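Presented below is the structure to which this report refers.
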Amino acid sequence: MEESWDKALAEADSALTLYPDSVVLQNAVCDILVLQFEARSEEAERLRREQKEIEALAMELTY
């Protein structure tokens, strides 16, 4: 998934160099960056939940 966001961002950036005044392309770059951030935030939250589950299991195993 990360690669597709990177590819989309690279393509939008490339188009933006050709048409630097394009508000549509500027908005596309912003949208892609926001979506990337949201995806990473969701992944980070999922990893935090998994870490807490692992810690809880580790505590159970030590007792």
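For the sequence shown, position 2 (counting from the first letter as 1) is numbered -16 according to this note's numbering, and the numbering increases by one without interruption.
Every residue, glycine too, gets a C-beta built ideally from N, C-alpha and C.
The model shown is predicted, which means the values in this text are computed figures rather than measured ones.
A straight-line Cα-Cα distance of about 15 Å links Val16 and Ala26.
For the pair Asp(-12) and Val11, the CB atoms are not nearer than the 8 Å cut-off. Excluding its 5 nearest sequence neighbours in each direction, Tyr1 has C-beta neighbours in its own chain below 8 Å: Leu7, listed in chain order. Measuring C-alpha to C-alpha distances from Ser(-14) to each of Asp3, Ser4, Gln18, Asn9 identifies Gln18 as the nearest.
The alpha-carbon separation between Leu(-9) and Ser4 amounts to approximately 15 Å.
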